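Just below is one structure, and these are the notes that go with it.
Number of protein chains: 2
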Amino acid sequence: MERDWTDPECPVARALDLVGDRWSLLVVRDAMDGARSFTEFQRRTGVARNILTDRLRRLTAAGLLAQRTAPSGRRQEYVLTDAGRDLFPVILTLRQWGERHAFAPGESHSTLVDQHGVPVPELTPTGADGARLDTATTRVRKVGTD
Amino acid sequence: MERDWTDPECPVARALDLVGDRWSLLVVRDAMDGARSFTEFQRRTGVARNILTDRLRRLTAAGLLAQRTAPSGRRQEYVLTDAGRDLFPVILTLRQWGERHAFAPGESHSTLVDQHGVPVPELTPTGADGARLDTATTRVRKVGTD
DNA sequence: ACATAATGGTTTCAATTCGCAACTGATTGG
DNA sequence: CCAATCAGTTGCGAATTGAAACCATTATGT
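If you read the protein sequences in the order shown, they are chains C and A. If you're matching positions, the first sequence starts at 1165 in the working numbering and goes up one per residue. If you're matching positions, the second sequence starts at 1165 in the working numbering and goes up one per residue.
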């Protein structure tokens, strides 16, 4: 029952082993936007049903989704766990990157807004001192390397 | 030559169509950490070489990597474009999610640090008013829906 | 200079995964 | 009761993956 990680000590790689595929992340996206049922996920993502079955199972096994009885009686539903909801920053940065780089100028797309309908501001990495961080100003410290 | 998007008006889906697979994102991760050559990418990620060939081509076609002549003479190298470097927040949030949820308590992993060796702080989504945002306080506004 | 190793792929082939459609069996809804 | 919807499962051909072998160029060591 031991998982065989692609790169066991890299958190990026581990995260990708759990959710690093298109359908998994689209399911998470839709779960964040209120989808709960098999059919709803299927309609929103357009994924093949057998693949959806597989992804829901995986996400549940990974602890990102939980299956519980729907409030309205006897059917089951899938809801995000805390760990699943915690992917919010990942989905958000993907969305913002997509807005910046995956649309032609002037091409329209959906937007994430807060309760008042105000667009969510860009999420920018900053250091402890408030300075903006990027690939040039950071590096990976490997385990056991001080 | 038209791309056939999974969900054309969703920036998340478009982003995933471009980089939503394990190897692409691991290549980007390593490019951010200084990898430039085919062999270097292969060694760091452990991906099969034919797959790496494919991913480097795709990432280049998508405008995330560019192929240019290495400073040291005649060999070619792959470098991140601006769009590629701009994935930094995505990789960072994936990393931070992984650190929080993909390791057992006490299990060690690599860390991202700034120039001075200080760990990079958590990236948290906030609204225009500075309040923390999550799935409960945001929603997707679809195109053409005011 | 010459042998050896490393680089940057391509090719081959088996195994896995994907996507589509049809089918099943429960569960509402009228 | 009948029809529609839900939540999958099954079967199958097509596409993708992964491992290994092969190959033509560069470097490197002596």
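Ideal Cβ placement from N, Cα and C applies to all residues, glycine included. Small disclaimer: the values here were computed from a predicted structure and weren't measured.
Just to confirm, is the Cβ distance from residue i to residue j under 8 angstroms?
i: L1244(A); j: V1284(A); result: no
i: T1217(C); j: D1194(C); result: no
i: R1303(C); j: V1277(A); result: yes
i: D1185(A); j: D1185(C); result: yes
i: T1301(A); j: Q1279(C); result: yes
i: E1166(C); j: V1307(C); result: no
Spatial neighbours of residue i within its chain, please: CB distance less than 6 angstroms, with the 5 preceding and 5 following residues excluded, ordered by chain position.
i: V1192(A); result: L1251
i: A1234(A); result: E1241
i: T1170(C); result: A1177, D1181
i: A1199(C); result: F1205, R1208
i: R1219(C); result: W1187, S1188, V1191
Just how far apart, CA to CA, sit residue i and residue j?
i: E1241(C); j: R1207(C); result: 15 angstroms
i: A1266(A); j: W1187(A); result: 18 angstroms
i: A1247(A); j: S1236(C); result: 46 angstroms
i: F1205(C); j: R1264(C); result: 26 angstroms
i: R1178(A); j: L1189(C); result: 12 angstroms
i: G1294(A); j: N1214(A); result: 47 angstroms
i: R1224(C); j: S1201(A); result: The question names Arg, yet the displayed sequence has Thr at residue 1224(C). Spanning the two alpha carbons is a distance of roughly 38 angstroms.
i: D1197(C); j: L1258(C); result: 15 angstroms
i: Q1231(C); j: R1249(A); result: 38 angstroms
i: A1212(C); j: R1239(A); result: 43 angstroms
i: P1107(C); j: T1203(C); result: Residue 1107(C) is absent from the model: chain C starts at 1165 and stops at 1310.
i: A1292(C); j: R1305(A); result: 33 angstroms
i: D1168(C); j: E1286(A); result: 27 angstroms
i: V1183(A); j: V1183(C); result: 13 angstroms
i: L1229(C); j: L1229(A); result: 34 angstroms
How would you label residue i, buried or exposed, when you count the other beta carbons within 10 angstroms and need 16 or more for buried?
i: G1281(C); result: exposed
i: Q1260(C); result: buried
i: S1272(A); result: exposed
i: P1269(A); result: exposed
i: R1221(A); result: exposed
Starting from the C-beta of residue i, find all residues in its chain whose C-beta is less than 7 angstroms away, skip the five residues before and the five after it, and write them out in chain order.
i: T1288(A); result: R1296
i: G1227(A); result: T1245, A1247
i: T1275(A); result: P1283
Who are the Cβ neighbours of residue i in its own chain at under 8 angstroms, not counting the five residues just before and after it?
i: G1262(A); result: H1273
i: D1298(A); result: P1289
Quiz prompt | Members of the stretch 1266–1280 of chain C that neighbour chain A once the beta carbon cut-off is set at 8 angstroms | solution = A1266, F1267, S1272, H1273, S1274, T1275, L1276, V1277, D1278, Q1279: these are the residues of the stretch 1266–1280 of chain C whose beta carbon lies less than 8 angstroms from some beta carbon of chain A, given in chain order.
Quiz item: Which residues, in order along the stretch 1226–1249 of chain C, keep a beta-carbon less than 8 angstroms from a beta-carbon of chain A?
Solution: Those would be G1227, L1244, A1247, R1249, in chain order.
Quiz prompt | Residues from the stretch 1203–1216 of chain A in contact with chain C, defined by Cβ distance under 8 angstroms | solution = Taking 8 angstroms as the upper bound on Cβ-Cβ separation, chain C lies near residues T1209, G1210 of the stretch 1203–1216 of chain A.
Exercise. Using a Cβ-Cβ cut-off of less than 9 angstroms, give me the residues of the stretch 1167–1181 of chain A that come near chain C, in sequence order.
Key: For chain C, the residues of the stretch 1167–1181 of chain A that bring a beta carbon within less than 9 angstroms of one of its beta carbons are W1169, T1170, D1171, P1172, E1173, C1174, P1175, V1176, A1177, R1178, A1179, L1180, D1181, in chain order.
Quiz item: Which residues, in order along the stretch 1251–1263 of chain A, keep a beta-carbon less than 8 angstroms from a beta-carbon of chain C?
Solution: Listed by position, the residues of the stretch 1251–1263 of chain A near chain C (Cβ gap below 8 angstroms) are L1251, F1252, P1253, V1254, I1255, L1256, T1257, L1258, R1259, Q1260, W1261, G1262, E1263.
Practice problem: Check each residue of the stretch 1180–1197 of chain A: if its Cβ is closer than 8 angstroms to any Cβ of chain C, include it; give the result in chain order. | Solution: For the stretch 1180–1197 of chain A, which is checked against every Cβ of chain C, the residues closer than 8 angstroms are L1180, D1181, L1182, G1184, D1185, R1186, L1189, L1190, R1193, M1196, D1197.
Quiz prompt | Proximal residues, the stretch 1292–1305 of chain C versus chain A, C-beta separation under 9 angstroms | solution = Those residues of the stretch 1292–1305 of chain C that come within reach of chain A (Cβ to Cβ, closer than 9 angstroms) are A1292, D1293, A1295, L1297, D1298, T1299, A1300, T1301, T1302, R1303, V1304, R1305.
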